[in-house]
Ligand code: TMP
Ligand code: ASP
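Residue numbers (the working numbering): -1 to 238.
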């Protein structure tokens, strides 16, 4: 496998082509961004930390039957993945009310939800990722009814794996965001989990102290962002 030209530069990762059109290199940079790119900073060791946490989580998920794009770690900051055609929506599951849900409905952050709540957001920084429902997604042609059902099923399945994984480390998985797509070489095949699972895209609270161990440390200027990401890695047993 040979790394080729840059294809896409996102807010925290850069995607490169390879000599195989069905494989991509994901490069995790130190760039950290929040509020749809309005707040940015470089945090030392973020790229390598997230590359390793993502690899660990993706492998755990694959081991329980969640199909993912992840193939293998290539080096400190890069992983090899299958090329996907992404569905332009973000799938969020919440176990505890926080963030935009707390604001939207005026419910205190930390309110425990009797069962997980699923939400879709349309992926658009320019529009600030608006909340959308199944009909918006289907009628506007972003995904079919069966893809919508599959995304919900897989996102809940991830909760069943990751909630206990974090709980065993004394950490509450408050909420998280997933993105899905079809493999470029199997466009009619099953949806695969794409993008990443790292503390950038979820909320993790220490069970006994309620300390935030995720990107809210950056959003809310709490400091020690990467120290806490690395603490998460160490506590769940992800090698750094
Ligand atoms: P929210 O409270 O801002 O709606 O976010 C819910 C969870 O999903 C939180 O863990 C952050 C994550 N998320 C992203 O990482 N990127 C996004 O664009 C969105 C909408 C949510
Ligand atoms: N909307 C997410 C946040 O506020 C992701 C992003 O903007 O990069 O962090």
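C-beta atoms are modelled at their ideal positions from N, C-alpha and C, and glycine is treated no differently.
- Exclusion of residue 120 from the 7 Å shell around the ligand TMP follows from its C-beta lying no nearer than that to any non-hydrogen atom of the ligand.
- Below 8 Å, enough C-beta pairs join the stretch 104 to 117 and the stretch 74 to 93 to call them touching: three or more.
- Around the C-beta of residue 154, fewer than 16 other C-beta atoms lie within 10 Å, and the residue is accordingly described as exposed.
- Rounded to whole angstroms, the Cβ separation of residue 2 and residue 15 is 4 Å, and the two are in contact under 8 Å.
- Relative to the non-hydrogen atoms of the ligand TMP, the Cβ of residue 74 never comes closer than 7 Å to any of them.
- Leaving aside the five residues that flank residue 18 on each side, the residues in its chain whose CB is nearer than 8 Å to its CB run, in chain order, -1.
- Beta-bridge pairing by DSSP links residue 80 to 21.
- About 27 Å separates the Cβ atoms of residue 48 and residue 145, ruling out a contact at the 8 Å cut-off.
- Straight through space, the alpha carbons of residue 139 and residue 201 are spaced by roughly 30 Å.
- Shown here, residue 64 sits in coil according to DSSP, grouped into three states, outside any helix or strand.
- Taking all protein chains in view, the Cβ of residue 188 is surrounded by fewer than 16 other Cβ atoms within 10 Å, so the residue is classified as exposed.
- The beta carbon of residue 182 sits no closer than 7 Å to any heavy atom of the ligand TMP.
- With 16 or more other Cβ atoms from the protein chains shown falling within 10 Å of its own Cβ, residue 23 counts as buried.
- Residue 224 and residue 50 have their C-alpha atoms spaced approximately 13 Å apart.
- Counting along the chain, residue 215 sits inside the alpha helix (DSSP H) bounded by residues 214 to 217.
- The ligand TMP has a heavy atom closer than 7 Å to the beta-carbon of residue 175.
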